[in-house]
Amino acid sequence: MKAKRLLIILFTLLPYCTWAQISAVEKLGKEANKEKNVKYISISRTMIGMASAFADKEERATLKMLHNIDIITCENQEYAPRLTAQALDIAQQVGAKLIGCEEDDKARSEVYAIQSGDTVSELLILISGHDGGVALFAMSGNIPTNRLADIAKLKPTKLE
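Numbering (the numbering used here), first residue to last: 1079 to 1238.
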């Protein structure tokens, strides 16, 4: 009987455990938003659902995998190094592993994920522009690893 009660409590708290990881980014976003030339946006599951109504069929399926998106953009070159350090600290604290890096003539992108088997529950994308700007995208959901490329194809204008 105690084991059953413990399992019920565990499953009741599980959604909060999942969201606890993204809350660090939310807190960072709210703090960073007070800085000059920094913008923070949090997109809830409801808003993602509304965005999917205007998306094409392929994007709609991708958006349905997501539960929450937090976006921090920083054009403040003095604050950018601190934001980058805090984002990397959050990734380390939540146990996100670096799963990929890409660099082009404009920016370097680092992708961190919390993964269980073939599913990613948290995705942190840190983009460091060569002009000194920084952006952090934090996405939570149930994202199959074979669909990560679909996340990269999303158009930010449909999310904002």
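Using N, Cα and C, we set each Cβ at its ideal position, and we do this for glycine too. Keep in mind the model is a prediction, meaning the values are calculated, not measured.
Between the alpha carbons of residue i and residue j, how many angstroms are there, rounded?
{"i": "Leu-1166", "j": "Gly-1207", "result": "16 Å"}
{"i": "Asn-1146", "j": "Arg-1138", "result": "15 Å"}
{"i": "Met-1125", "j": "Ile-1177", "result": "27 Å"}
{"i": "Ile-1150", "j": "Val-1116", "result": "7 Å"}
{"i": "Glu-1188", "j": "Lys-1108", "result": "22 Å"}
Looking only at its chain, what residues have a beta carbon closer than 7 Å to the beta carbon of residue i, apart from the 5 residues adjacent to it on each side?
{"i": "Gly-1211", "result": "Cys-1152, Glu-1153, Ala-1158"}
{"i": "Leu-1141", "result": "Ile-1126, Ala-1129, Ser-1130, Ala-1133"}
{"i": "Glu-1136", "result": "none"}
Suppose the cutoff is 6 Å on Cβ atoms and the five residues either side in sequence are ignored; what does the same chain contact list for residue i look like?
{"i": "Leu-1202", "result": "Ala-1169, Ala-1174, Tyr-1190, Ala-1216"}
{"i": "Gln-1164", "result": "Leu-1106"}
{"i": "Arg-1186", "result": "Ser-1206"}
Got a sec, what are the start and stop residues for the alpha helix (DSSP H) residue i sits in?
{"i": "Lys-1141", "result": "The amino acid at residue 1141 is misidentified as Lys; the sequence shows Leu. Residues 1135-1141."}
{"i": "Leu-1166", "result": "1158-1171"}
{"i": "Ser-1187", "result": "Run containing Ser-1187: none in the alpha helix (DSSP H); it sits in the beta strand (DSSP E), 1185-1194."}
{"i": "Gly-1127", "result": "1123-1131"}
Taking residue i as the reference, which of the options has the closest Cα?
{"i": "Glu-1113", "options": "Thr-1124, Ile-1149, Leu-1161", "result": "Leu-1161"}
{"i": "Arg-1118", "options": "Ala-1213, Val-1198, Gln-1171, Ser-1194", "result": "For the sequence presented, residue 1118 should be read as Tyr rather than Arg. Answer by Cα proximity: Ala-1213."}
{"i": "Ser-1324", "options": "Gln-1193, Leu-1144, Leu-1226, Asp-1209", "result": "With the chain running from 1079 to 1238 in the structure shown, residue 1324 is simply not present."}
{"i": "Glu-1156", "options": "Asp-1228, Leu-1226, Asp-1209", "result": "Asp-1209"}
{"i": "Gln-1193", "options": "Leu-1232, Val-1103, Gly-1219", "result": "Gly-1219"}
{"i": "Ser-1199", "options": "Ile-1205, Pro-1222, Arg-1186", "result": "Pro-1222"}
For the beta strand (DSSP E) holding residue i, just list the boundary residues, first then last.
{"i": "Asp-1228", "result": "From DSSP, Asp-1228 is part of no beta strand (DSSP E) but of the alpha helix (DSSP H) over 1226-1230."}
**OP:** Would you be able to state if there are at least three C-beta pairs under 8 Å between the segment 1115-1134 and the segment 1170-1182?
**Re:** no
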